[in-house]
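Asks: Numbering (our numbering), first residue to last: 36 to 516. From the three backbone atoms N, C-alpha and C, an ideal C-beta is built for every residue, glycine too. A quick note: this is a predicted structure, and the numbers were derived from the prediction, not measured.
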Amino acid sequence: MKNKLKKVIAYVLSFMMLFTMSAMNISSVSAASTGSITVHTGKHDVNGVNFNAYRLMDATVSGNKVSYSISSNFTGFFTEELLNGTTGDDIDIKAYNYIKANVSTTNFQNKLKTYIATNQISADGAATGTTDTKEYTIAGLAYGYYAVIPSGEGYTPSFTTVKSSNAVDVYLKGKTPDPEKTINNKKYDSAQVGDTVDFKVESMVPNMTGYNQYYYIFKDTMTEGLTVSKDTLNLVVKIGGTVVDTSEYTLTVDKTNRIFTVEFKNFYTNHAKDANESLTFTYSAVVNEKAINDTNTSTNKAEVSYGNDPDHLTTGAPSEVKVLTHTLKINKVDEQNKPLSGAEFALYRNNVDSGKLKFVNEGNGTYRIATIDDETTTDTLVSPEGGVITVKGLSEGHYVIEETKAPDGYAKLKNTINKTISVDENAPQTVTVEEKVTNKTESWLPETGGMGTVIFTVVGVVGVLAILSTYFKKGKKREEA
């Protein structure tokens with residue numbers, strides 16, 4: 036009996052120890068599954084600014100390793116907007132890779148904020164800024180990858196992983212005025228030699244809190260194929276939609292190096308109150324003949340330098356655009372694919388009513404679009420010995436090719452030829468399209484009034500008369516006999 040009792044007591048004690056250890060383990064896991072984020076605001080005035088923390092991905096931590104899975108609040112963000120409806124086991128991996136590649140871009144951050152606002156996503160934790168406090172801790176956050184988004188437009192989101200009970204530090208950053216340059220509202224555009232192209236650069240007025248002076252310099256560098264001058268620049272500067280008077284900045288144009296700069300005067304005094312407002316520059320340049328062979332597109336860029344120390348300004352990342360020109364080749368051949376020289380063509384933009392395009396003849400069948408400064412021009416394209424006409428400096432669009440004169444011994448084309456040049460952002464600087472034009476020889480038609488027929492007819496008639504004359508003479512002799 037005593038032995039049985041001992042066994043029961045042993046079982047009970049074992050069970051109690053197991054339960055206690057399990058409870059301790061559960062308590063340990065629970066306690067270690069949350070952490071906090073501390074936001075350091077530095078010199079920024081954050082009174083009334085809300086710091087909202089959103090868990091984009093859940094994190095499972097095992098020692099020094101971590102695995103991520105999409106948080107339920109942001110499944111729609113990744114599947115619908117970014118991963119084209121991708122589902123299944125690989126969605127977490129794709130979301131992870133997408134974040135790594137795009138988290139620092141304004142486009143990603145703006146999409147994220149729009150999704151949160153549109154879907155009214157609740158923050159997993161928050162803190163509100165005051166006048167005197169410079170550090171704010173958001174506690175009780177489950178393990179995961181977080182976006183800390185300050186309210187308003189003056190600051191950029193911060194991103195970090197909560198992976199332990201230790202607080203994670205993030206440092207508030209005001210938005211940087213890095214420029215975004217476009218050409219005709221795109222990152223690239225097609226243009227013809229002689230065209231005027233319009234540029235727009237969007238920046239912002241920096242937050243100058245904590246300073247008593249500030250400097251802002253805008254600089255644009257054009258490619259060799261673009262002509263820039265004060266006369267054609269047509270510069271307009273706006274802050275928040277209001278045109279900035281030219282007396283507030285100094286404009287310098289270096290025509291040789293194709294660079295112009297805008298340096299603001301008394302920027303802090305005049306515009307500290309405009310922090311985070313849009314700052315835009317619109318201006319123009321003329322495409323010249325050097326654009327045809329200009330492949331150095333990376334030099335067509337805008338950049339800004341800013342800061343409170345004129346000797347140590349911060350220069351942000353430049354923003355680049357492409358200006359593309361195109362080449363059209365007309366290959367003139369006969370029915371046996373033999374090159375034909377001496378054929379003449381006219382080229383029209385859109386339709387024949389637009390008038391013939393004018394060119395500069397560079398020799399050996401090569402022509403480029405003429406500019407207003409060219410004195411000797413032609414509107415006739417002539418095929419050389421090799422049969423190939425090359426036309427440079429065209430923009431994308433629809434063109435009409437008309438043969439105005441065929442080579443000797445060949446029939447001229449009755450109909451015009453339509454050709455479209457189209458490109459995209461990834462196209463090379465010069466896109467070449469080719470049109471093969473075939474002429475047929477003119478064969479001899481039947482002749483109805485030629486000398487040969489007349490002679491044949493005369494000879495035939497004379498022959499018949501001679502036969503009849505002989506016949507009558509023989510008949511007359513038989514009668515006399």
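Taking residue 445 as the reference, which of 369, 140 and 289 has the closest Cα?
Replies: Here residue 445 refers to the residue found at position 410 of the sequence shown. Ranking 369, 140 and 289 by Cα distance to residue 445 puts 369 first.
Asks: Could you tell me the alpha carbon to alpha carbon distance between residue 129 and residue 295, rounded to whole angstroms?
Replies: Sequence index remark: in the sequence shown, residue 129 carries index 94 (1-based). Sequence index remark: in the sequence shown, residue 295 carries index 260 (1-based). Their Cα atoms are separated by approximately 43 Å.
Asks: For residue 434, which beta-bridge partners are listed by DSSP?
Replies: To locate residue 434, count along the sequence shown from 1; it is residue 399. Answer by DSSP bridge pairing, in chain order: 384 and 454.
Asks: Can you tell which of 237, 87, 133 and 340 has the C-alpha that lies nearest to the C-alpha of residue 155?
Replies: Numbered from its first residue, the sequence shown carries residue 155 at position 120. Among 237, 87, 133 and 340, the Cα nearest to that of residue 155 belongs to 87.
Asks: Just curious, the alpha helix (DSSP H) that residue 136 is in, first and last residue?
Replies: One-based indexing of the sequence shown puts residue 136 at position 101. First-last of the alpha helix (DSSP H) with residue 136: 126–137.
Asks: Alpha carbon to alpha carbon, what distance is there between residue 375 and residue 438?
Replies: Here residue 438 refers to the residue found at position 403 of the sequence shown. Here residue 375 refers to the residue found at position 340 of the sequence shown. Rounded to the nearest angstrom, the two C-alpha atoms are 13 Å apart.
Asks: Suppose the cutoff is 8 Å on Cβ atoms and the five residues either side in sequence are ignored; what does the same chain contact list for residue 249 look like?
Replies: By 1-based counting over the sequence shown, the position of residue 249 is 214. Correct list, in chain order: 241, 243, 302, 303, 307, 341, 342 and 343.
Asks: Does the segment 215–225 come into contact with the segment 179–191, if we say contact requires no fewer than three beta-carbon pairs (one atom in each stretch) closer than 8 Å?
Replies: The answer is no - the segment 179–191 does not touch the segment 215–225, with fewer than three Cβ pairs under 8 Å.
Asks: Where residue 212 and residue 297 are concerned, what is the direct C-alpha to C-alpha distance, given to the nearest angstrom?
Replies: Locating residue 212 in the sequence shown gives position 177, where the first residue counts as 1. Locating residue 297 in the sequence shown gives position 262, where the first residue counts as 1. One C-alpha to the other measures close to 15 Å.
Asks: Look at the Cβ atom of residue 400, then the Cβ atom of residue 424, and state whether they are nearer than 8 Å.
Replies: On the sequence shown, residue 400 is found 365 positions in, with the first residue counted as 1. On the sequence shown, residue 424 is found 389 positions in, with the first residue counted as 1. Yes, these two residues count as a Cβ contact at 8 Å.
Asks: For a quick check, are the C-beta atoms of residue 239 and residue 286 less than 8 Å apart?
Replies: As a first step, residue 239 is located in the sequence shown; it is residue number 204 there, counting from the start. As a first step, residue 286 is located in the sequence shown; it is residue number 251 there, counting from the start. No, these two residues do not count as a Cβ contact at 8 Å.
Asks: Assuming contact is defined by CB atoms lying nearer than 8 Å, are residue 271 and residue 284 in contact in what I supplied?
Replies: Sequence index remark: in the sequence shown, residue 271 carries index 236 (1-based). Sequence index remark: in the sequence shown, residue 284 carries index 249 (1-based). Cβ atoms of residue 271 and residue 284: not closer than 8 Å.
Asks: Going by C-alpha distance, which of 148, 176, 163 and 94 is nearest residue 75?
Replies: Numbered from 1 along the sequence shown, position 40 holds the residue referred to as residue 75. Closest by alpha carbon: 163.
Asks: With DSSP as the reference, label residue 324 as helix, strand or coil.
Replies: The count along the sequence shown starts at 1 and reaches residue 324 at position 289. Three-state DSSP puts residue 324 in a helix.
Asks: Using the Cα positions of residue 178 and residue 311, report the straight-line distance between them to the nearest angstrom.
Replies: The residue labelled residue 178 in the question sits at position 143 within the sequence shown. The residue labelled residue 311 in the question sits at position 276 within the sequence shown. Roughly 33 Å separates the two Cα atoms.
Asks: Considering only the beta carbon of each residue, do residue 172 and residue 82 sit closer than 8 Å?
Replies: As a first step, residue 172 must be located in the sequence shown, where it is residue number 137. As a first step, residue 82 must be located in the sequence shown, where it is residue number 47. Cβ atoms of residue 172 and residue 82: not closer than 8 Å.
Asks: Starting from residue 142, follow the alpha helix (DSSP H) in both directions and report where the run begins and ends.
Replies: Residue mapping note: residue 142 aligns to position 107 of the sequence shown, counting from 1. Per DSSP, residue 142 belongs to the alpha helix (DSSP H) from 141–153.
Asks: Excluding five sequence neighbours on each side, which residues of the same chain lie with their C-beta closer than 7 Å to the C-beta of residue 487?
Replies: Residue mapping note: residue 487 aligns to position 452 of the sequence shown, counting from 1. Unreliable positioning characterises residue 487 in this predicted model, as indicated by a pLDDT of 41, which lies under 50. The coordinate reading is nonetheless provided below. Contacts found: none.
Asks: Which residues in the same chain as residue 203 place their Cβ atom closer than 8 Å to its Cβ, once the five residues preceding and following it in sequence are excluded?
Replies: Here residue 203 refers to the residue found at position 168 when the sequence shown is read from its first residue. Here the set comprises 70, 71, 72, 73, 195, 196 and 197.
Asks: Can you tell me whether residue 94 is buried or exposed, with buried defined as 16 or more other CB within 10 angstroms of its CB?
Replies: As a working note, residue 94 is residue 59 in the sequence shown. Counting Cβ neighbours within 10 Å, residue 94 comes out buried, since at least 16 surround it.
Asks: Helix, strand or coil for residue 416 per DSSP?
Replies: For this step, residue 416 is matched to residue 381 along the sequence shown. In this structure, residue 416 counts as strand in the three-state DSSP scheme.
Asks: Check whether the Cβ of residue 140 lies closer than 7 Å to any heavy atom of the ligand SAH, and answer yes or no.
Replies: In the structure shown, the ligand SAH is absent, as is every other ligand, since no ligand is present at all.
Asks: Mark residue 255 as exposed unless 16 or more other C-beta atoms lie within 10 angstroms of its C-beta, in which case mark it buried.
Replies: Locating residue 255 in the sequence shown gives position 220, where the first residue counts as 1. Result: buried.
Asks: I need the DSSP call for residue 64, collapsed to helix, strand or coil.
Replies: Numbered from its first residue, the sequence shown carries residue 64 at position 29. The pLDDT assigned to residue 64 is 34, lower than 50, so where the model puts this residue is not dependable; a value taken from the coordinates is nonetheless given after this. Here residue 64 sits in helix by DSSP.
Asks: If you check the beta carbons only, do residue 260 and residue 404 fall under 8 Å apart?
Replies: Within the sequence shown, the letter at position 225 stands for residue 260. Within the sequence shown, the letter at position 369 stands for residue 404. Not closer than 8 Å, so no.
Asks: What's the call for residue 418, buried or exposed, on a 16-neighbour Cβ count within 10 Å?
Replies: Locating residue 418 in the sequence shown gives position 383, counting from the first residue. When all chains shown are included, residue 418 counts as buried.
Asks: By the DSSP assignment, the beta strand (DSSP E) with residue 392 in it spans what residues?
Replies: Taking the first residue of the sequence shown as position 1, residue 392 is located at position 357. Here residue 392 belongs to no beta strand (DSSP E), and DSSP marks it neither H nor E.
Asks: Tell me, to the nearest whole angstrom, how far the beta carbon of residue 231 is from that of residue 319; I am working on the premise that it is less than 8 Å.
Replies: Within the sequence shown, the letter at position 196 stands for residue 231. Within the sequence shown, the letter at position 284 stands for residue 319. 5 Å between Cβ atoms; contact.
Asks: Exposed or buried, residue 339, counting other C-beta atoms within 10 Å across all chains shown (16 or more means buried)?
Replies: Translated into positions along the sequence shown, residue 339 becomes position 304. By the neighbour-count rule (16 or more Cβ atoms within 10 Å), residue 339 is buried.
Asks: Quick one: using the 10 Å Cβ neighbour count with 16 as the cut-off for buried, is residue 185 buried or exposed?
Replies: Numbered from its first residue, the sequence shown carries residue 185 at position 150. Its Cβ being crowded by 16 or more others within 10 Å, residue 185 is buried.
Asks: Based on Cα-Cα distance, which residue from 127, 226 and 175 lies nearest to residue 356?
Replies: Taking the sequence shown and counting its residues from 1, one reaches residue 356 at position 321. Looking at the Cα atoms, 226 is the closest of the given residues.
Asks: Are residue 16 and residue 365 close, meaning C-beta to C-beta below 8 Å?
Replies: Residue 16 is absent from the structure shown; the chain starts at 36 and stops at 516.
Asks: Evaluate residue 346 with the Cβ neighbour count: other Cβ atoms within 10 Å of its Cβ, from every protein chain shown; 16 or more gives buried, anything less gives exposed.
Replies: Against the sequence shown, residue 346 aligns to sequence position 311. With fewer than 16 other Cβ atoms within 10 Å, it is exposed.
Asks: Just to confirm the assignment, what range does the alpha helix (DSSP H) spanning residue 265 have?
Replies: Position 230 of the sequence shown, counted from the first residue, corresponds to residue 265. Run containing residue 265: 265–268, per the alpha helix (DSSP H) assignment.
Asks: Fully enclosed by the segment 348–375, which beta strand (DSSP E) runs are 3 residues long or longer?
Replies: For the segment 348–375, whole beta strand (DSSP E) runs of length 3 or above, ordered along the chain, are 357–369.
Asks: From what residue to what residue does the beta strand (DSSP E) around residue 75 run?
Replies: Numbered from 1 along the sequence shown, position 40 holds the residue referred to as residue 75. 69–75 is the span of the beta strand (DSSP E), which, as asked, contains residue 75.
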